[in-house]
Amino acid sequence: MQRFRELSPLRKKEAVFGWRLVSPAVILIGIFILYPVLYNIYLSFFQVSLTPGVPNKFVGFQNYRELLTDPTFWNSFGITMLFVLITVVGSILVGLGVALLMNKEFPGRGIVRALILFPYVAPVISTVFAWQYVLMPLNGPLTILLSNLGIMDVTQDLVNNPNNAFLVVSFYSIWKNFPFIYLMILSRLQSISQDYYEAADIDGANGWQKFHHITLPELYYVIGSLVLLRGIWNFYKFEEVYLLSKEARTLPIYLYEKAFTGLPELGVAAAIATVLFIVMMVLISIYVRKVLKW
Amino acid sequence: MVVRKRSFIKTFLFWFFIALVIIFVAYPFAYMVSVSFRYDSDAFDPGLIPENPTLSQYAQLLGLEESIRQEMSNEEEQLIKLLESFPEEQRAQILQNIQSQRRRESFPFLRWFGNSLLLAGLSALTSLIIGIFGAYSFSRVWYPGRNLIQRGVLLVYLVGGVILSVPLYDLFVRMGLTNSGGTSMFSLYIIYVIQTLPVSMYMLGNYFRTIPESIEEAALIDGSTRIGTIMRIIIPLSMPAIITVFIYSFMIGWNEYLFASIFIRPYPVSYTLPVGLREIFFSEHAVWAKMMAASVLTAVPVIVLFMTVEKYLTAGLTAGGVKE
């Protein structure tokens, strides 16, 4: 990298111009993202006081000790992992299936394509109320349908049952986010050259063979990146989970309740955030090296 | 690929799956719309077609018709008149009870709608403007440290709101930006800008690189300034990406619940839609029809916005990838 001093006057002017343009963004990101990430680690070693005049008390690793010996934390940790696994696999399978269907031409395709985007586009709060309505115990239309099919008991409150709330939330998350995956996969599908399929036809390949040997390899990196993105996003997911059911006790909800409800324990919450962040970074770096081979 | 006509079973299966997809997607929306046209007492009548359809839920939300709750407030007004003869302390106590009752029962939908529109709109616009210049800078101008900035933008992409909630809350409390409805909304505005800024820059940067530099050079030779070429060439040519970025940033602000609930919970006048609707939902019973009408009204602006620019959106989305 060249040093600023060694640049020609023209390039110096250019560099100053570039810096000026990008500085508002850099300053904002520095103050409100980078600094808070570091400040969060700092806070995790303190008993945080929000009363003016009362300083934070340094407690060393006590917040972490408290956390790592708390069974609720480990429970939430497990639920979060399961939630991420189910939603990533589920939304990719649904998104891939729908993309393959929509890649064929049929009358009315434009309308169906627009409709498919609805769950992704509609606000979380609206769709959450709609799902709570259809899943209402006793009266909800989906509850009645499922109990008529003998799948569940009509009195059961699926959404607010702590044992399976995370499954309901996972289903909702798949429903809400598959259109994003579908769009990405579809745009890749449409760029695959038809020549491959024609050549395979001449060789007498059947549909499954074409999918397995042409389509899937072409989609490898799109799906790989989508797994990464959805994995990251769902790991942190708060709105979609909390608004549908507080009983789906994933880590972000555990953090929220520690920090902002009842007696606030901001230090412990900061420790949770730090653990979340570290786990995330480790998972990402393993994934990027092993699967995406960057 | 065209469905092969000779195989009846294949055609049948194909349409079966299309129908399945439509039902999967539309199921909750169908009930949301249907229930929104019913009276609260009919909310759980079976079937999708309402037996006694009514527009009154919408009329009440939009302030065209008095709701039962507002009528009850007349009684409270009479009570307040009676109170004038009471001793000071007792009066204050009862007044406070009435106020907290009112706060729980009022449903200022239009006010919350306006708050959400203002916050999401302004923050998306700000993020777009800062993002355009930032993205132009690191995709077109060369300077020492450019790569670092480019990679940094990708890295902050990985930091979720949940991670930032504790330190940002602490920070804004210390800056005194949480002690009134107005300052809390300002805090939210800043938070929404920074939450959308990395993705705006990333998406716009990717798009700017696809615009041939020769067009810009021609303008520069004709005597245009650098800022002039951004305004007259880059921005008009990037409209698809700019529209997508704006809509996505808008949607992030429109949906945001975590920070909104932390910062504006004590100030009902400043509620955004997600916070307000959730408070109402948990404070009352059997208001399903009204909740569904409110849900429809919350969803309609975003869905309409998306559908009108769908072709830009699909292009912009797949070109840049998005954050949520």
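In order, the protein sequences belong to chains A and B.
Letter by letter, the first sequence follows residues 49 to 342 of the numbering used here.
Letter by letter, the second sequence follows residues 117 to 440 of the numbering used here.
We put the beta carbon where it would ideally sit given N, CA and C, even for glycine.
None of these values were measured; they are calculated from a predicted model.
{"Query": "Going by Cα to Cα distance, which pick from G145/A, I229/A and A73/A is closest to F254/B?", "Result": "A73/A"}
{"Query": "Give the straight-line distance between the Cα atoms of F325/A and V275/B, rounded to the nearest whole angstrom.", "Result": "8 Å"}
{"Query": "Which residues, in chain order, does the region 281-310 of chain B contribute to contact with chain A at a C-beta distance below 9 Å?", "Result": "S281, V282, P283, L284, Y285, D286, L287, V289, R290, I306, I307, V309 and I310"}
{"Query": "In chain order, what residues of the same chain lie with their CB nearer than 8 Å to the CB of L193/A, ignoring the 5 residues before and after it?", "Result": "none"}
{"Query": "Return no unless some Cβ of chain B is closer than 8 Å to the Cβ of R53/A.", "Result": "no"}
{"Query": "Measure the alpha-carbon distance for S195/A versus P189/A and round it to whole angstroms.", "Result": "10 Å"}
{"Query": "Only counting runs of 4 or more residues, tell me where the alpha helix (DSSP H) segments fall wholly within the region 58-141 of chain A, in order along the chain.", "Result": "83-91 and 110-116"}
{"Query": "Going by C-alpha to C-alpha distance, which of L55/A, L69/A and L58/A sits closest to I343/B?", "Result": "L69/A"}
{"Query": "Near Q238/A, what residues of its chain come up, given a Cβ to Cβ distance below 8 Å and the 5 sequence neighbours on each side ignored?", "Result": "N151"}
{"Query": "Interface residues of chain A around E426/B at Cβ under 8 Å?", "Result": "A162 and L165"}
{"Query": "I'd like the list of long-range same chain contacts for V275/A, defined as Cβ closer than 6 Å, with 5 residues on each side in sequence excluded.", "Result": "V136"}
{"Query": "If you count every other CB in all the chains shown that lies within 10 Å of the CB of G250/B, and 16 or more means buried, which is it?", "Result": "buried"}
{"Query": "Does Y302/A get closer than 8 Å to chain B when you measure Cβ to Cβ?", "Result": "no"}
{"Query": "Would you check if the region 382-392 of chain B and the region 221-235 of chain B touch, i.e. whether three or more CB-CB distances between them fall below 8 Å?", "Result": "yes"}
{"Query": "In chain A, what lies closer than 8 Å to T414/B by C-beta?", "Result": "P171, I173 and S174"}
{"Query": "Measure how close the beta-carbons of G247/B and S386/B come, nearest whole angstrom, since I'm counting them as under 8 Å.", "Result": "Contact doesn't hold; Cβ gap of about 26 Å is too wide."}
{"Query": "Does the beta carbon of W179/A come closer than 8 Å to any beta carbon on chain B?", "Result": "yes"}
{"Query": "What are the boundary residues of the alpha helix (DSSP H) that P356/B is part of?", "Result": "M355 to N371"}
{"Query": "Could you name the residues of chain A that P314/B contacts, counting a contact when the two beta carbons are closer than 8 Å?", "Result": "I77 and I81"}
{"Query": "For D201/A, which of helix, strand or coil comes out of DSSP?", "Result": "coil"}
{"Query": "Examine chain A for any beta-carbon lying closer than 8 Å to the beta-carbon of S411/B, and answer yes or no.", "Result": "yes"}
{"Query": "Got a sec? Which residues, its chain only, sit under 7 Å from I350/B by beta carbon, not counting five neighbours each side?", "Result": "Y252, F324 and I327"}
{"Query": "Counting C-beta neighbours from all protein chains within 10 Å, is the total for G356/A 16 or more, i.e. buried, or is it exposed?", "Result": "Absent from the model: residue 356/A. The displayed extent of chain A is 49 to 342, so no value can be given."}
{"Query": "Report, in whole angstroms, the separation of the C-beta atoms of L165/A and F422/B, which I expect to be a contact under 8 Å.", "Result": "7 Å"}
{"Query": "Tell me the DSSP secondary structure of S296/B in three-state form.", "Result": "coil"}
{"Query": "Using DSSP with H/G/I as helix, E/B as strand and the rest coil, what is E382/B?", "Result": "A quick correction: the sequence has Pro, not Glu, at residue 382/B. P382/B falls in the coil class under three-state DSSP."}
{"Query": "From I140/A, S235/A and N254/A, pick the residue whose C-alpha is nearest to that of S218/A; which is it?", "Result": "I140/A"}
{"Query": "Grab me the residues of S411/B's own chain with a C-beta within less than 6 Å of its C-beta, minus the 5 sequence neighbours each way, in chain order.", "Result": "M148"}
{"Query": "Give the straight-line distance between the Cα atoms of G321/B and T120/A, rounded to the nearest whole angstrom.", "Result": "43 Å"}
{"Query": "Answer yes or no: does any C-beta atom of chain B fall closer than 8 Å to that of G66/A?", "Result": "yes"}
{"Query": "How would you write the range of the alpha helix (DSSP H) that R230/B sits in, first residue to last?", "Result": "Looking at the sequence itself, residue 230/B is Gly, so the reference to Arg does not match. Element bounds for G230/B: F225 to R256."}
{"Query": "Shortest alpha-carbon distance to F145/B belongs to which of K224/A, G138/A, H260/A and Y302/A?", "Result": "K224/A"}
{"Query": "Mind listing the chain A neighbours of F422/B? Cutoff is C-beta to C-beta under 8 Å, in chain order.", "Result": "L165 and V169"}
{"Query": "Kindly list the residues whose CB is nearer than 7 Å to the CB of Q173/B, restricted to its own chain and excluding five residues on each side of it in sequence; keep chain order.", "Result": "S152, A405, K406 and A409"}
{"Query": "Counting C-beta neighbours from all protein chains within 10 Å, is the total for K105/A 16 or more, i.e. buried, or is it exposed?", "Result": "exposed"}
{"Query": "Run down chain B in chain order and give the residues with a C-beta less than 9 Å from the C-beta of E295/A.", "Result": "Neighbours of E295/A on chain B: none; closest Cβ ~14 Å, over 9 Å."}
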